[in-house]
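Just so you know, we're using this note's numbering here: the sequence shown kicks off at 6 and counts up by one.
C-beta: ideal position from N, C-alpha, C; glycine also.
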Amino acid sequence: MSTHLDWLQDELQALGDAGLYNHIRTISSPQGAWLQIEGRSVLNFCSNNYLGLANHPRLVEAAKKAIDQYGVGPGAVRIISGTNDLHIELEKRIARFKAVEAALSLQSGFQANAATIPALVGKEDVIFSDRLNHASIIDGCRLSGGKILPYEHCDMASLEAVIQENLPKYRRAIIITDGVFSMDGDVAPLDKIYEVARKYDILLMVDDAHGEGVLGKGGRGIVDHFGLHGKVDVEIGTFSKAFGVVGGVVAGKATIIEWLRQRGRPFLFSSAVTPPDAAACIAAIDILEASTELVDRLWDNARYFKAEMKRLGFDMGVSTTPITPVMLGEAPLAQQFSRELFEAGVFAMATGFPIVPLGKSRIRVMISAAHEKADLDKGLEAFAKVGKKLRVI
Ligand SMILES: *Cc1c(COP(=O)(O)O)cnc(C)c1O
Numbered sequence: 006m007s008t009h010l011d012w013l014q015d016e017l018q019a020l021g022d023a024g025l026y027n028h029i030r031t032i033s034s035p036q037g038a039w040l041q042i043e044g045r046s047v048l049n050f051c052s053n054n055y056l057g058l059a060n061h062p063r064l065v066e067a068a069k070k071a072i073d074q075y076g077v078g079p080g081a082v083r084i085i086s087g088t089n090d091l092h093i094e095l096e097k098r099i100a101r102f103k104a105v106e107a108a109l110s111l112q113s114g115f116q117a118n119a120a121t122i123p124a125l126v127g128k129e130d131v132i133f134s135d136r137l138n139h140a141s142i143i144d145g146c147r148l149s150g151g152k153i154l155p156y157e158h159c160d161m162a163s164l165e166a167v168i169q170e171n172l173p174k175y176r177r178a179i180i181i182t183d184g185v186f187s188m189d190g191d192v193a194p195l196d197k198i199y200e201v202a203r204k205y206d207i208l209l210m211v212d213d214a215h216g217e218g219v220l221g222k223g224g225r226g227i228v229d230h231f232g233l234h235g236k237v238d239v240e241i242g243t244f245s246k247a248f249g250v251v252g253g254v255v256a257g258k259a260t261i262i263e264w265l266r267q268r269g270r271p272f273l274f275s276s277a278v279t280p281p282d283a284a285a286c287i288a289a290i291d292i293l294e295a296s297t298e299l300v301d302r303l304w305d306n307a308r309y310f311k312a313e314m315k316r317l318g319f320d321m322g323v324s325t326t327p328i329t330p331v332m333l334g335e336a337p338l339a340q341q342f343s344r345e346l347f348e349a350g351v352f353a354m355a356t357g358f359p360i361v362p363l364g365k366s367r368i369r370v371m372i373s374a375a376h377e378k379a380d381l382d383k384g385l386e387a388f389a390k391v392g393k394k395l396r397v398i
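Encoded structure:
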């Protein structure tokens with residue numbers, strides 16, 4: 006019997022046939038170098054838990070203390086009765102860590118983009134957007150109603166050409182780029198983008214989700230990496246990756262943050278992160294401010310793993326960060342590779358369209374400070390075995 010939902014069954018079937026159906030594994034342990042999945046202990050090669058903070062004793066302790074003191078819920082959206090002193094402290098601490106004038110805490114990095122872009126851009130405005138920007142940037146741009154004009158990925162000549170052709174037609178303009186591109190692991194040339202922004206007097210926004218805790222001194226992010234303090238108008242960040250918790254942040258010029266408190270819709274109409282989340286984020290900043298040890302270990306691990314993978318003959322694209330995309334091409338091959346790795350005790354998910362372009366499927370290995378050298382060696386052994394079996398190397 007046919008129903009009004011048949012089209013969805015057909016769409017799902019088509020995803021499966023194309024090797025693009027997401028099979029989501031269920032994890033029954035804390036995040037760390039090893040995970041319990043479906044009754045097995047497997048090596049974790051795909052979390053954004055860059056620094057191993059997601060189950061760090063100091064973060065866990067801070068969250069427990071916050072529950073004892075504040076309970077578990079924020080109570081309301083922040084403008085009504087949901088702002089407590091932990092949110093204010095978190096904003097002060099992250100602003101200091103990133104050396105910006107002010108910061109605003111939001112529920113997630115996705116929400117931070119959804120709050121910021123529509124508050125700064127209207128229908129009469131134009132957005133110059135890197136072609137490979139993250140989905141949450143793209144959705145934020147769409148919500149704004151502004152004209153979205155992509156420029157070629159990290160290509161300054163393309164950016165300038167698009168600006169010159171279009172800038173006069175619009176009221177105001179903004180350039181938006183990812184800092185570290187999450188699927189390829191390359192870094193936006195933010196110093197050059199800044200020069201272009203100044204040349205044409207355009208607002209500049211960067212999404213530092215994969216840069217915080219990774220790039221710059223002690224993980225202070227992409228602005229620190231390029232020494233651009235005070236020059237980038239607004240930065241988006243997340244507490245869900247290197248910081249090991251959950252939540253988003255907007256950081257930058259005080260006027261922009263003040264405006265977002267008045268006009269950022271996810272800030273106005275959606276409740277804040279919970280007190281234990283905020284407390285755990287503050288503990289993560291404490292750890293990063295106290296020592297560069299975890300960030301240094303992350304980079305040591307990444308350099309070692311990538312060098313060995315290269316020696317084995319894998320193609321890791323253009324990555325210059327701990328993000329390690331193992332390029333495989335067609336989606337079914339990437340999915341099969343991932344399944345075989347899992348059989349060999351390594352959890353590394355395949356990524357395909359629409360997260361990456363068609364025909365550019367890959368396994369994105371995420372190296373972490375939580376990995377021991379023996380863990381990396383075990384992962385390398387599995388990649389070598391599966392790579393040979395599937396004739397990738
Ligand atoms: C992961 C990511 C986000 C989303 O962050 P969440 O806090 O998980 O919502 C936003 N932007 C970029 C560039 C990301 O990589």
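When you compare the CB positions of residue i and residue j, do they come within less than 9 Å of one another, or not?
i    : j    : result
H9   : A288 : no
T449 : L220 : Nothing can be reported for residue 449: it is not among the residues displayed for the chain, which extend from 6 to 398.
G145 : T121 : yes
S149 : I132 : yes
E345 : S366 : no
A108 : E94  : no
A339 : G24  : yes
V413 : I227 : Residue coverage of the chain in this structure runs from 6 to 398, which leaves residue 413 outside it and unanswerable.
G318 : G114 : no
M321 : F388 : no
S245 : N53  : yes
I292 : L58  : yes
V399 : G216 : In the structure as shown, the chain begins at 6 and stops at 398. Residue 399 is therefore absent and cannot be evaluated.
A71  : P281 : yes
V250 : S110 : no
G384 : V351 : yes
A284 : A117 : no
L172 : Y199 : no
K128 : M161 : no
L13  : Y26  : no
I290 : F231 : no
Following a CB-centred definition, is residue i positioned closer than 8 Å to any heavy atom of ligand 3?
i    : result
Q116 : Looking at this structure, you won't find ligand 3 anywhere; what it does contain is ligand 1.
Would you grab the beta carbon distance between residue i and residue j for me? Rounded to a whole angstrom, and I think it's under 8 Å.
i    : j    : result
V5   : E263 : What the structure shows of the chain is the stretch from 6 to 398, and residue 5 is not part of that stretch, so it cannot be assessed.
Q341 : L381 : The Cβ separation is near 23 Å, so there is no contact.
N306 : A374 : 7 Å
R369 : I328 : 7 Å
D229 : I261 : About 19 Å separates the two Cβ atoms, so there is no contact after all.
With distances taken from CA atoms, which of the options is nearest residue i?
i    : options                   : result
G80  : F342, S276 and L208       : S276
L56  : E298, P359 and T356       : E298
L265 : L293, A119 and I181       : A119
A295 : F274, F244, H92 and K222  : K222
I181 : D191, P194, F248 and D135 : D135
D130 : K174, A117 and A100       : K174
R30  : E43, N306, N53 and G37    : E43
L125 : H139, I85, A178 and S113  : A178
G3   : A379, M371, G350 and M332 : Residue 3 lies beyond the residue range present for the chain, which begins at 6 and ends at 398; the question has no answer from this structure.
R83  : E217, E200, G269 and G218 : G269
T279 : D291, F272, G252 and L303 : G252
C51  : M321, A389, F102 and S343 : S343
G37  : A387, I372 and K383       : I372
K236 : R203, E217 and G216       : R203
G190 : V397, S324 and R45        : S324
N138 : D301, W304, I398 and V211 : V211
H234 : A247, D213 and G257       : G257
A100 : G21, E386, C286 and Q74   : C286
F102 : R225, V370, L48 and F248  : R225
E348 : D11, P359, Y75 and E386   : E386
When DSSP builds the beta bridges, which residues end up paired with residue i?
i    : result
A107 : G257
S134 : P155 and I181
M332 : R367
V47  : L40
V351 : L48
V192 : V185
S276 : V82
T326 : According to DSSP, T326 bridges with nothing at all.
I32  : I42
Under DSSP, the alpha helix (DSSP H) around residue i begins and ends at which residues?
i    : result
L209 : It is not in any alpha helix (DSSP H) - L209 instead sits in the beta strand (DSSP E) that spans L208 to D212.
N171 : M161 to N171
Q112 : That residue, Q112, is in no alpha helix (DSSP H); it is neither H nor E in DSSP.
P337 : A336 to E348
V82  : Here V82 belongs to no alpha helix (DSSP H), and DSSP marks it neither H nor E.
P280 : P280 to A295
F319 : First-last for F319: undefined, no H or E at that position.
S141 : A140 to S149
F388 : K378 to K394
Y75  : P62 to Y75
E129 : Careful: E129 lies outside any alpha helix (DSSP H) and carries neither H nor E.
Could you tell me whether the Cβ of residue i comes closer than 9 Å to any Cβ of chain B?
i   : result
N89 : This model lacks chain B altogether, as it is built from one protein chain only.
Over what stretch of residues does the beta strand (DSSP E) that includes residue i continue unbroken?
i    : result
V228 : Element bounds for V228: not the beta strand (DSSP E) but the alpha helix (DSSP H), I227 to H230.
G242 : V239 to T243
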